[in-house]
Amino acid sequence: MKQIQGTSYNINDDIIGRITFGKNIFSRSNEILVSNNVDKPAFGYSATITSNKSVVDNSKPYCIVDNTDSFHEGDVVVVNNQGEVIFVYEISSNHNAIMATERCNHRCIMCPQPPIVQEKDKTPFNLKLISLFDKGTEEIGITGGEPTLIGDNLFVLIKHIQKELPKTAISILSNGVRFADKEFAMKLAKCHHHDLQIDIPLFSDIADEHNRIVGAKTFYKTIQGLYNLALFRQRIGLRIVVHKQTYKRLPQFADFIYHNFPFVSQVAFMQMETTGLAKENFDELWIDPYDYNNELREAVLLLADRGMKPYIYNAQLCVLPEDIRSYAQQSISDWKDIYLSECDGCLLKGQCAGFFASNKEHHSKHIKKVEHISNDISC
Ligand code: SF4
331 MKQIQGTSYN
341 INDDIIGRIT
351 FGKNIFSRSN
361 EILVSNNVDK
371 PAFGYSATIT
381 SNKSVVDNSK
391 PYCIVDNTDS
401 FHEGDVVVVN
411 NQGEVIFVYE
421 ISSNHNAIMA
431 TERCNHRCIM
441 CPQPPIVQEK
451 DKTPFNLKLI
461 SLFDKGTEEI
471 GITGGEPTLI
481 GDNLFVLIKH
491 IQKELPKTAI
501 SILSNGVRFA
511 DKEFAMKLAK
521 CHHHDLQIDI
531 PLFSDIADEH
541 NRIVGAKTFY
551 KTIQGLYNLA
561 LFRQRIGLRI
571 VVHKQTYKRL
581 PQFADFIYHN
591 FPFVSQVAFM
601 QMETTGLAKE
611 NFDELWIDPY
621 DYNNELREAV
631 LLLADRGMKP
641 YIYNAQLCVL
651 PEDIRSYAQQ
661 SISDWKDIYL
671 SECDGCLLKG
681 QCAGFFASNK
691 EHHSKHIKKV
701 EHISNDISC
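Counting from 1 along the sequence shown, just add 330 to a position and that's the residue number in our numbering.
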C-alpha cells in the first residue's frame, strides 16, 4: 500500500477516514481534512493533514506532511501515532483490496507477503473501511494471508460489501483449502453475490510438487475445494506463479487443467514479484521470463485453442512472443507499478503491465522498447 511519512500530533489510536479537501460539509466525523490553508486543526473532522508546519494545537488530532500532492478527494487513509499515513483505498485505482487477515495456512516459497502467526481480528476495521469506499467502486479484492481463515466473518464482509456497495464486483484470493468443506463452499454460494470471482493458486499437476511449493500437504484439499466451488456454481479463476520450479511442466499442467477443471472461467500465468520470501529464496526461484517463453506460449495456446481463457499477468510485452501478447493484462497494482528508462518511447507502454517496483533490480535481460507494431498482432 502507498504510504507517506509525516509527524502526527494528538493521535494515540489509529485514525481511519475518507480524504476530503473540504467539499463535504456533512458527516465530517468520518473524514480527514487535507488543507494547507489552516492555522489549526479543523473542527469536526476525525483529523487534519497539512503541510503547514506552523500549525500548533494541543487537543485535536493532526499530521504534518511535506506535501499533500498524493491525496485525492475520496481516498481512504489510516493515520497513526508514528506519523505514517497509509492509503488503504485509492479512488483512482482499479486494484483496491481489503486484507481479511495476515495469517495463512500455507507458506509458499515465493510469498511476497510472509504470513504472521497471531493478530487482532481485522473484521471490525474492514467493515468500517468498506463503508468509507466510494459507492462507484468497480471491484474490491478480499485478500490476505488466507481470507478463509477468518471463517464465517468472510461472509459477513461479503454481505457488508453487498449492502454498502451493491454494484461492486468482488474478487477473493484464496488457496481454496477451506472450501474442501462442502458446507463452507455452500455458505459462499448462499451469499448470492451478483459478481464474485474466487481466484485460487495451483502450482503443479503433481501433488508433491504443489505441496513442496506451498509448504503444506494440501494439494488434494485444494482440488476438492475447486470441485465444491464448481458444484455450487461459483466463478473460479486459477493462478499459476511461473518461476524456476514451475515453468518446465507448464504445457502438461495446462493439459491437466483442461481435463480436470474445464469449469474454471480463467487461468492466469503470473510473473513472480521478487519481494518477501521470493527475495529470500531468489536463487532457487529466479529465471529470466524470456527463458520460459516456449513453455508459457505452449501452455497459453493449448488452453486458448481448447476454448479456455488464459491470461498472462505481470509480464512485459517486449519479452513475450508476439503471438501471445494479446493475453497479457495490466495487472500490477498502481502503487507498485513502475517502468524502466528502457521503456522511454516504447509504443506499447500504455498497454504493458510494466514492472513490480521490487523487481527493479531483477528483470529480464531482454527489455527493449517496441518501435514498430505489426497490424495483425498488435495488443
Ligand atoms: S519496453 Fe517497457 S513498456 Fe515497452 S514493452 Fe518492454 S517493458 Fe513494456
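Even for Gly, the Cβ is constructed at its ideal location relative to N, Cα and C.
Which residue comes first and which comes last in the alpha helix (DSSP H) that contains residue i?
i, result
"THR478", "Segment: none, THR478 is in no alpha helix (DSSP H) and carries neither H nor E."
"GLN660", "GLN660 -> no alpha helix (DSSP H), and no H or E assigned at all."
"LEU678", "Where LEU678 is concerned, there is no enclosing alpha helix (DSSP H), given that its DSSP letter is neither H nor E."
"THR552", "549-561"
"ALA537", "537-544"
"SER461", "453-462"
"GLU361", "From DSSP, GLU361 is part of no alpha helix (DSSP H) but of the beta strand (DSSP E) over 361-364."
"PHE612", "612-615"
"ILE346", "Here ILE346 belongs to no alpha helix (DSSP H); instead the beta strand (DSSP E) covers 345-350."
Would residue i pass as a contact of residue j if the rule is Cβ separation under 8 Å?
i, j, result
"GLY413", "GLN335", "yes"
"ALA598", "GLY567", "yes"
"ILE530", "ARG579", "no"
"SER671", "TYR643", "no"
"SER381", "VAL368", "no"
"SER688", "THR576", "no"
"LEU647", "ARG655", "yes"
"PRO454", "GLY606", "no"
"ASP535", "PHE591", "no"
"GLU476", "ARG542", "no"
"ALA658", "ALA629", "no"
"ALA560", "GLN601", "no"
"HIS696", "TYR620", "yes"
"TYR588", "MET638", "yes"
"GLY347", "ASN360", "yes"
"ARG563", "ALA510", "no"
"GLU494", "ASN424", "no"
"ASN456", "LYS512", "no"
"ALA584", "LEU633", "yes"
So, is residue i buried or exposed, given that buried needs 16 or more other C-beta atoms within 10 angstroms?
i, result
"ILE349", "buried"
"HIS523", "buried"
"PRO496", "exposed"
"HIS540", "buried"
"ILE707", "The pLDDT assigned to ILE707 is 46, lower than 50, so where the model puts this residue is not dependable, and the model offers no usable value."
"GLY374", "exposed"
"ILE488", "buried"
"GLN448", "exposed"
"TYR550", "exposed"
"VAL364", "buried"
"VAL385", "buried"
"ILE668", "exposed"
"GLU625", "buried"
"ARG508", "buried"
"PHE685", "buried"
"ILE470", "buried"
"SER704", "exposed"
"GLY675", "exposed"
"ILE491", "buried"
"SER357", "exposed"
"ILE446", "exposed"
"THR548", "buried"
Taking residue i and residue j to be in contact with their CB atoms under 8 Å, please state how far apart those CB atoms are, rounded to whole angstroms.
i, j, result
"GLY404", "ASP451", "Not a contact, Cβ separation roughly 27 Å."
"VAL408", "ASP344", "5 Å"
"LEU677", "VAL649", "LEU677 to VAL649, Cβ: 15 Å. No contact."
"HIS436", "GLY545", "6 Å"
"SER422", "GLN527", "That pair is no contact at about 22 Å."
"ALA427", "ILE379", "Rounded, the Cβ-Cβ distance is 23 Å, inconsistent with contact."
"TYR392", "VAL406", "Their Cβ separation, rounded to whole angstroms, is 18 Å, which puts TYR392 and VAL406 out of contact at 8 Å."
"MET440", "ALA608", "4 Å"
"ILE341", "ASN410", "7 Å"
"SER504", "THR478", "5 Å"
"ILE480", "THR431", "5 Å"
"ASP525", "ALA499", "4 Å"
Terminal residues of the continuous beta strand (DSSP E) containing residue i?
i, result
"ASP529", "526-531"
"TYR641", "640-643"
"ALA634", "Unbroken run through ALA634 is the alpha helix (DSSP H), 623-635; no beta strand (DSSP E)."
"ALA377", "377-380"
"MET331", "No beta strand (DSSP E) holds MET331; DSSP gives it neither H nor E."
"TYR419", "414-419"
"ALA519", "It is not in any beta strand (DSSP E) - ALA519 instead sits in the alpha helix (DSSP H) that spans 512-520."
"PHE401", "Premise fails: PHE401 is in no beta strand (DSSP E) and is neither H nor E."
How about residue i: is its C-beta nearer than 8 Å to some C-beta of chain D?
i, result
"PRO454", "This model lacks chain D altogether, as it is built from one protein chain only."
Given 7 Å as the limit, tell me if residue i has its C-beta closer than that to any heavy atom belonging to ligand 2.
i, result
"LYS370", "In the structure shown, ligand 2 is absent; the only ligands present are ligand 1."
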